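Trainee: So that we are looking at the same thing, I have put the structure below in structure tokens.
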Amino acid sequence: MDTSTCLLSIPPEIITTIASYLPLTSVLQLAATNRCLRELIFDASALWKELCLVRECRIYDFSDEHVGSLIRNFSLNACNAVRQVDLSNAGPNITNQTLELILTHFPNIHTLRLNRCVNLTPSSIVELLVSLTEPSRAPRLHLPHLTHLYLQDDRRDAAHIALGNKVTLATIRMRLAQLAGRPTSPSEGDAFEICDLELCDCHTRTYASCANPSVMGATPSTAGDAYGNIVGLSIACACWAIRAYSVSAAIARQNSVARCAGV
Amino acid sequence: MSDPANITLVTMDGTTFTVPSAYLHRSKLVQDWLRSEGDKQAMEVKHVTPFVLQGVLNFCEIHAEDTSEPLADPADPTKPFEADPRDDAFRGMPDDQLLQFTMAADILQIPELVRLTAQEMASRIDGKSPDQIRAMFNPDDLAEEDVDSDNEMGEVGEEGAISK
Chain A
1 MDTSTCLLSI
11 PPEIITTIAS
21 YLPLTSVLQL
31 AATNRCLREL
41 IFDASALWKE
51 LCLVRECRIY
61 DFSDEHVGSL
71 IRNFSLNACN
81 AVRQVDLSNA
91 GPNITNQTLE
101 LILTHFPNIH
111 TLRLNRCVNL
121 TPSSIVELLV
131 SLTEPSRAPR
141 LHLPHLTHLY
151 LQDDRRDAAH
161 IALGNKVTLA
171 TIRMRLAQLA
181 GRPTSPSEGD
191 AFEICDLELC
201 DCHTRTYASC
211 ANPSVMGATP
221 STAGDAYGNI
231 VGLSIACACW
241 AIRAYSVSAA
251 IARQNSVARC
261 AGV
Chain B
264 MSDPANITLV
274 TMDGTTFTVP
284 SAYLHRSKLV
294 QDWLRSEGDK
304 QAMEVKHVTP
314 FVLQGVLNFC
324 EIHAEDTSEP
334 LADPADPTKP
344 FEADPRDDAF
354 RGMPDDQLLQ
364 FTMAADILQI
374 PELVRLTAQE
384 MASRIDGKSP
394 DQIRAMFNPD
404 DLAEEDVDSD
414 NEMGEVGEEG
424 AISK
């Protein structure tokens with residue numbers, strides 16, 4: 001063995017093993033040292049099955065350009081390996097451009113997390129999905145493994161609930177099902193729940209909000225803040241305000257009973 | 264015919280090491296050789312220096328009686344890995360030696376040693392800039408000019424922001 005061993009003299013699979021123990025930021029630094037390493041790393045399918053950008057990089061101001069410049073380094077092999085992409089909390093600079101890039105580059109993706117990407121609204125997603133599923137589009141986009149699109153935001157105040165309507169929700173579900181090659185209406189098979197958007201109680205508005213917000217669940221102790229106030233929920237929809245009131249009353253009753261019992 | 268209880272290994276410069284065969288039960292290369300050519304006097308390990316082979320054999324001796332299941336994939340994320348104080352010698356060695364041990368572990372196909380050296384390499388690379396990584400591992404061969412001048416990937420700055 002040559003005693004002046006270089007990193008590049010290690011077999012590619014060992015370099016991939018080393019990279020598999022690194023956080024994403026360090027993988028990118030390693031890739032930036034040398035063209036051979038860069039090509040090797042961006043071709044290593046084992047490294048790119050899960051792409052959790054914000055969590056792993058601890059960066060909160062991603063933009064479409066950042067995501068694009070990263071994805072464009074991927075080889076076909078690496079693109080095919082991607083199963084999950086998590087861009088939650090990536091900030092306001094993530095738009096439809098990133099969503100389109102992800103959907104068109106990763107044919108085997110099954111889960112896409114875009115929670116708290118405030119500029120990805122239900123209506124803008126509809127716009128993109130409609131264009132991606134145009135019959136005239138060539139080649140036709142097919143994502144047979146796509147099963148989950150997460151858009152929920154656990155901050156349930158007026159500024160963070162993405163509003164839509166029943167048609168928006170139906171369109172998103174139908175177009176996603178179309179991309180995945182699944183039945184697009186309940187009559188053709190089981191209802192296809194691919195997206196976590198939900199309808200409010202009175203079925204008039206759609207929300208990219210938490211599936212079990214306190215006002216919709218039955219856990220009164222978590223429904224309000226420390227002072228028993230309900231935070232901003234009544235603004236989203238009148239039916240939620242009624243629920244909020246009911247839960248608030250339940251908390252008050254519970255506190256009253258606790259006080260009487262001397263707890 | 265050689266003693267079946269022992270195995271003799273010959274390094275690139277002809278130095279021989281005779282050790283109990285049981286020490287090398289995790290080496291796939293050695294096990295394959297014992298099955299197919301075990302009647303020969305010695306096994307040649309052409310690309311390994313005596314110093315490195317001695318270190319590998321020390322590792323094998325220390326772990327000879329470990330009862331853990333053989334590791335199939337050194338990068339298997341489902342297999343928990345805890346630092347073993349018996350392996351501290353690998354943590355203190357210079358970068359170029361660690362690189363040689365990584366290669367020797369791969370040549371002898373000892374997944375446990377590959378995992379150990381790969382993790383140690385990763386811990387040394389983690390948090391380093393591309394320039395620092397080049398300086399660590401034979402900078403002549405990791406020339407900067409090999410990197411595309413129009414690298415669009417962008418570097419992740421130390422402050423946590425991506426800089427273009």
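Going down the list, the sequences are from chains A and B.
Sequential numbering of the first sequence, starting at 1, is according to this note's numbering.
Sequential numbering of the second sequence, starting at 264, is according to this note's numbering.
Glycine residues also receive a C-beta, built at the ideal position from the N, C-alpha and C atoms.
If you're wondering where the values come from, they're calculated on a predicted model, not measured in any experiment.
From B/Thr274 to B/Asp339, what distance separates their C-alpha atoms?
Mentor: By 1-based counting over the second sequence, the position of residue 274 of chain B is 11. By 1-based counting over the second sequence, the position of residue 339 of chain B is 76. Distance between the alpha carbons of B/Thr274 and B/Asp339: 30 Å.
Trainee: Which of helix, strand or coil does DSSP assign to B/Met399?
Mentor: Taking the first residue of the second sequence as 1, we reach residue 399 of chain B at position 136. It is helical.
Trainee: Using CA coordinates, which residue listed in A/Val27, A/Ala81, A/Thr133, A/Gln97 is at the minimum distance from B/Ser392?
Mentor: The count along the second sequence starts at 1 and reaches residue 392 of chain B at position 129. Nearest C-alpha to B/Ser392: A/Val27.
Trainee: If we cut at 9 Å on Cβ distances, does A/Asn34 have a partner in chain B?
Mentor: Here residue 34 of chain A refers to the residue found at position 34 of the first sequence. By this cut-off, A/Asn34 is an interface position.
Trainee: Which one of A/Leu40, A/Arg113, A/Ser88 has the shortest CA to CA distance from A/Asn77?
Mentor: For the purposes of this step, residue 77 of chain A is taken as residue 77 along the first sequence, with counting starting at 1. Closest option to A/Asn77, Cα to Cα, is A/Leu40.
Trainee: Looking at the C-beta of B/Ser290, does it have a partner C-beta in chain A at a distance below 9 Å?
Mentor: Here residue 290 of chain B is taken as the residue at index 27 of the second sequence, counted from 1. It does not: the Cβ of B/Ser290 has no partner Cβ on chain A nearer than 9 Å.
Trainee: Taking a Cβ distance cut-off of 9 Å, strictly less, list which residues of the region 42 to 53 of chain A are near chain B, in chain order.
Mentor: Those residues of the region 42 to 53 of chain A that come within reach of chain B (Cβ to Cβ, closer than 9 Å) are Phe42, Ala46.
Trainee: Assuming B/Gln372 and B/Lys291 form a contact by the criterion Cβ under 8 Å, report the distance between their Cβ atoms to the nearest whole angstrom.
Mentor: Taking the first residue of the second sequence as position 1, residue 372 of chain B is located at position 109. Taking the first residue of the second sequence as position 1, residue 291 of chain B is located at position 28. Confirmed, about 4 Å.
Trainee: CB-CB under 6 Å to A/Asp86, same chain, minus the five flanking residues each way: which ones, in chain order?
Mentor: Here residue 86 of chain A refers to the residue found at position 86 of the first sequence. Same-chain partners within the cutoff: Cys52, Arg113.
Trainee: Exposed or buried, B/Asp219, counting other C-beta atoms within 10 Å across all chains shown (16 or more means buried)?
Mentor: Outside the displayed span of chain B (264 to 427) sits residue 219 of chain B, for which this structure offers no information.
Trainee: So which residues on chain B does A/Ile10 lean against when the C-beta distance must stay under 8 Å?
Mentor: Along the first sequence, read from residue 1 onward, the residue named residue 10 of chain A stands at position 10. The answer, in chain order, is Leu362, Thr365, Met366, Asp369.
Trainee: Using a Cβ-Cβ distance under 9 Å, would A/Gln29 count as near chain B?
Mentor: The residue labelled residue 29 of chain A in the question sits at position 29 within the first sequence. So yes, A/Gln29 belongs to the interface.
Trainee: So what does DSSP say about A/Tyr150, is it helix, strand or coil?
Mentor: One-based indexing of the first sequence puts residue 150 of chain A at position 150. Residue state, collapsed to three classes: strand.
Trainee: Hey, is A/Ser136's beta-carbon within less than 9 Å of any beta-carbon in chain B?
Mentor: For this step, residue 136 of chain A is matched to residue 136 along the first sequence. No, its Cβ sits nowhere closer than 9 Å to a Cβ of chain B.
Trainee: Taking the alpha-carbon positions, what's the A/Leu169 to A/Pro122 distance?
Mentor: Position 169 of the first sequence, counted from the start, is the residue given in the question as residue 169 of chain A. Position 122 of the first sequence, counted from the start, is the residue given in the question as residue 122 of chain A. Computed Cα separation, rounded: 8 Å.
Trainee: I need the straight-line Cα distance from B/Met306 to B/Thr271, nearest angstrom please.
Mentor: Residue mapping note: residue 306 of chain B aligns to position 43 of the second sequence, counting from 1. Residue mapping note: residue 271 of chain B aligns to position 8 of the second sequence, counting from 1. Spanning the two alpha carbons is a distance of roughly 6 Å.
Trainee: Measuring only the C-alpha atoms, how far is A/Val167 from A/Ile10?
Mentor: As a position in the first sequence, residue 167 of chain A is number 167, starting the count at 1. As a position in the first sequence, residue 10 of chain A is number 10, starting the count at 1. Rounded to whole angstroms, A/Val167 to A/Ile10 spans 56 Å at the Cα level.
Trainee: Over the uninterrupted alpha helix (DSSP H) stretch that includes A/Asp86, give me the two end residues.
Mentor: By one-based count along the first sequence, residue 86 of chain A stands at place 86. Unbroken run through A/Asp86 is the beta strand (DSSP E), 84 to 86; no alpha helix (DSSP H).
Trainee: Is the separation between the beta-carbon of A/Leu120 and that of A/Arg175 shorter than 9 Å?
Mentor: Residue mapping note: residue 120 of chain A aligns to position 120 of the first sequence, counting from 1. Residue mapping note: residue 175 of chain A aligns to position 175 of the first sequence, counting from 1. Result no, Cβ atoms of A/Leu120 and A/Arg175 do not sit closer than 9 Å.
Trainee: Any C-beta of chain A within less than 8 Å: which residues of the region 308 to 342 of chain B qualify?
Mentor: The residues in question are His310, Val311, Thr312, Val315, Pro337, Ala338, Pro340.
Trainee: Spatial neighbours of B/Ala327 within its chain, please: C-beta separation below 7 Å, excluding the five flanking residues on both sides.
Mentor: Against the second sequence, residue 327 of chain B aligns to sequence position 64. Same-chain partners within the cutoff: Ala285, Tyr286.
Trainee: Check the Cβ-Cβ distances between A/Ser269 and every residue of chain B, and say whether any is below 9 Å.
Mentor: Any question about residue 269 of chain A goes unanswered here, given that chain A covers just 1 to 263.
Trainee: For B/Val293, is the classification buried or exposed, using 16 other Cβ atoms within 10 angstroms of its Cβ as the cut-off for buried?
Mentor: Translated into the one-based positions of the second sequence, residue 293 of chain B becomes position 30. Classification of B/Val293: buried, given that the 10 Å Cβ count is 16 or more.
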